[in-house]
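Heads up: the structure comes next, in structure tokens.
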Amino acid sequence: MSQLVLKTLREAPSDAEAISHQLLVRAGYIRRLSSGIYTFMPLGMKVLKKLNRIVEDEFDNTGAQQMLLPALHPIEIWEQTGRLTKMQDVLMLADTKAGRFVLAPTHEEAVIQSVSSDLSSYKDLPAVVYQIQTKFRDEARPRFGLLRTKEFIMADAYSFDADQEAMRTTYQSIYQAYLKIFNRCQVPFAPVEADAGAIGGDVNHEFMAPSAIGEDHFASCPSCGYAANIEAARTDGRRSDAPSALSEDMVMHHTPSATDIKSAVESINSQGFSLGAKDMLKSMVAMGPQGELTMFLLPGDRELRIPAGYRLLENEEFEQYGFLVKGFVGPMGMEKFGVKIVADFSVSYADSWSAGANVVDYHVTGASVDRDFSVDEWDSVVVARDGDPCPRCSTEMKLVRAVEIGHTFQLGLAYSSKLPIASFVGADGQTHPFWMGCYGIGMTRLVAVIAEYFADEKGLRWPDEVAPYKVGLMSIGASRSKDVLEAAEKLYLELTEAGVEVIYDDRDLGPGVKFSDLELIGIPYLCVVGQRGIDSQNLEVRTRMDGSTAEVPISDIVRYLVDI
-18 MSQLVLKTLR EAPSDAEAIS HQLLVRAGYI RRLSSGIYTF MPLGMKVLKK LNRIVEDEFD
42 NTGAQQMLLP ALHPIEIWEQ TGRLTKMQDV LMLADTKAGR FVLAPTHEEA VIQSVSSDLS
102 SYKDLPAVVY QIQTKFRDEA RPRFGLLRTK EFIMADAYSF DADQEAMRTT YQSIYQAYLK
162 IFNRCQVPFA PVEADAGAIG GDVNHEFMAP SAIGEDHFAS CPSCGYAANI EAARTDGRRS
222 DAPSALSEDM VMHHTPSATD IKSAVESINS QGFSLGAKDM LKSMVAMGPQ GELTMFLLPG
282 DRELRIPAGY RLLENEEFEQ YGFLVKGFVG PMGMEKFGVK IVADFSVSYA DSWSAGANVV
342 DYHVTGASVD RDFSVDEWDS VVVARDGDPC PRCSTEMKLV RAVEIGHTFQ LGLAYSSKLP
402 IASFVGADGQ THPFWMGCYG IGMTRLVAVI AEYFADEKGL RWPDEVAPYK VGLMSIGASR
462 SKDVLEAAEK LYLELTEAGV EVIYDDRDLG PGVKFSDLEL IGIPYLCVVG QRGIDSQNLE
522 VRTRMDGSTA EVPISDIVRY LVDI
């Protein structure tokens, strides 16, 4: 250990919020180079290599083949798929003498360009390739150490199949490999339904690790097992079939400058009403996939879950549609302008609503579905929250805070339909597009997730399979006792020859410092060699994960540490 490039720190960096960030820096696993950019020191690199080996084992077992794609991509291939524009907020671009390039956050375009000529026939399919590669993302607010960074390492796989059914079969194979990978890492996780985002495709799953520092949430049903990221989670999808009790007429109210839910409620209540945000109808206008105007209706105390392919209207776009009065929009009369009305199921459970009046500085109360406005489509369009009914069994769902550690996508024809090169000649002699899948695991993020989950008040605690070393060997008093020095060095050599990964703390320091450092570093098993152990012919072995100790005869110590 005296030769190891390592200096532990007593204090954590002032900017380190997450426990994993604090401990990985203090224990010498990582060092900050710049905001969101970290160096993996020798200890950190050993953990990364252990995780890489797990991924390689399980991917190789599916028949996937490892390769290495460039991190620098010609900008033209990103223009072809439209992702240069779609992902412009996070893309890092490099201007060079040879032109502009993308420092890639993902490799769909590049892998298609690289392997298509080798998969030119149906006889070459199915095929799965993967890599473990550095990625780049222009992250505006790097945070929590390795959890949100500008540069990171991912294991990403790409599958190529001849048809949809074959794609689904391959997807299931990689999905099962993911389960094995995360089980070997020993962190709790949940596969959940998710939104495809900028990657694309119809079916996809996120693998979420529950964590107090997670920046995502997923909805989970304790009864039937339904789980979905809140960007994709649906709620109980049933419209009320109870007849409305129409007890009031729709009435206009002057609500000057009340352009949001809070101010509208206050303005109407100042006129003798007692409304809450839940009684207001939130009317949000979006542009659909085909350029069609769509208005989404939901209770005022809920957030809109924007369906894939839609985007909310920008402020300046309202000027193009005179009938849309920004800040005072409501659903009344929209059918004559060809605006499609999509309402959340919860809207059907109230007899009447307050809403924008489509007149500057006015809202209405008493607006009722079917009488005052019509709904073209009922759907679940609110962001799920604690207590919402499960869409499968109606049991109350819970929101779980979590970190995304992996994502799998059935891309289908999302890329092959845009890139002519992404095709093969079928048995019929005709050219067909690949049915694709892609699969990613955040390797550097996984280091932080494992560190965060297992850490205790003393420092890191690594599961055996990902620890940089299995055994920490510590001598006490070796500088004063030739017997202790010889016994410790002999045991170090015997363990090394037996194939045990061991770090030997041979530093001339007090036992307190040595114990603290090895516990901070998180080595699974600590073996202590001192005069007392030599005299008794029993050595103390401490298990870092549970704090237990064992006295092991010196004659059995090598076998014990090999087998443990």
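Residue 253 in the working numbering sits at position 272 of the sequence shown, and the numbers go up by one each step.
Where is the CB? At the ideal position from N, CA and C, for every residue including glycine.
These figures come from a predicted structure and were not determined experimentally.
Distance CB(residue i)-CB(residue j) smaller than 8 Å
i	j	result
L294	A258	no
L50	S101	no
D325	D360	yes
V483	Y450	yes
M261	V345	no
C202	R373	yes
I591	V173	Outside the shown range of the chain, which is -18 to 545, sits residue 591, and nothing can be said about it.
L14	T20	yes
D489	S460	yes
M22	R12	yes
Y506	L474	no
Q61	K399	yes
E212	D183	no
G407	Y103	yes
G423	F125	no
L454	D486	yes
E446	I35	yes
L127	V428	yes
E189	V384	First, the amino acid is wrong: residue 189 is Met here, not Glu. Their beta carbons are under 8 Å apart, which means M189 touches V384 by this criterion.
E229	G311	no
L106	D142	yes
V539	A479	yes
A448	G503	yes
Q157	M135	no
For residue i, the first and last residue of its enclosing beta strand (DSSP E)
i	result
Q391	379 to 393
F405	404 to 406
V110	108 to 117
F21	18 to 21
I322	321 to 325
L294	That residue, L294, is in no beta strand (DSSP E); it is neither H nor E in DSSP.
Y343	343 to 348
E358	358 to 360
M233	232 to 235
Any chain D beta carbon closer than 8 Å to residue i
i	result
P449	In the structure shown, chain D cannot be found, because there is only a single protein chain.
Residue i: CB within 7 Å of a non-hydrogen atom of the ligand ADP
i	result
V340	For the ligand ADP, the structure offers nothing, since it holds no ligand at all.
Residue i, buried or exposed, once every other Cβ within 10 Å from all chains shown has been counted against 16
i	result
Q63	Going by the sequence as given, residue 63 is Gly instead of Gln. When all chains shown are included, G63 counts as exposed.
F318	exposed
R215	buried
A336	buried
P401	exposed
P237	exposed
E90	buried
K(-12)	exposed
T130	buried
Y330	exposed
N42	exposed
M68	buried
P270	exposed
T353	It is worth fixing the name first, because residue 353 is Asp in this sequence and not Thr. Classification of D353: buried, given that the 10 Å Cβ count is 16 or more.
Span of the alpha helix (DSSP H), counted from its first residue to its last, around residue i
i	result
Q3	0 to 7
G493	492 to 502
ask   = Is it true that the segment 378 to 398 meets the segment 101 to 115, where meeting means three or more beta-carbon pairs spaced less than 8 Å apart?
value = no
query = Could you give the uninterrupted runs of the beta strand (DSSP E) lying entirely in the segment 26 to 97, keeping only those of 3 residues or more?
reply = 53 to 55, 73 to 77, 80 to 84
query = Taking the runs of the beta strand (DSSP E) that are 3 residues or longer, which of them lie wholly in the segment 244 to 292?
reply = 262 to 268, 274 to 280
ask   = Is there contact between the segment 351 to 369 and the segment 155 to 162, where contact requires at least three CB pairs shorter than 8 Å?
value = no
task = Can you check the segment 129 to 217 for any beta strand (DSSP E) of at least 3 residues that lies completely inside it and give the ranges in chain order?
result = 132 to 142, 171 to 174, 184 to 191, 197 to 201, 208 to 210
Stretch-stretch touch, CB-based, cutoff 8 Å, three pairs: the segment 410 to 420 with the segment 382 to 397 = yes
task = Assess, as a yes-or-no matter, whether the segment 72 to 89 is touched by the segment 117 to 136 under the definition of 3 or more beta carbon pairs within less than 8 Å.
result = yes
ask   = Does the segment 204 to 219 come within contact of the segment 339 to 355, defined as at least 3 CB pairs closer than 8 Å?
value = no
inquiry  = Between the segment 461 to 468 and the segment 503 to 515, can you find at least three pairs of beta-carbon atoms closer than 8 Å?
reply    = yes
key: Given 8 Å, three or more beta-carbon pairs between the segment 264 to 280 and the segment 290 to 306   = yes
message = Restricting to runs no shorter than 3 residues, where is the beta strand (DSSP E) found entirely within the segment 507 to 541?
response = 519 to 524, 530 to 534
ask   = What alpha helix (DSSP H) runs, 4 residues minimum, are completely inside the segment 395 to 482?
value = 424 to 435, 463 to 478
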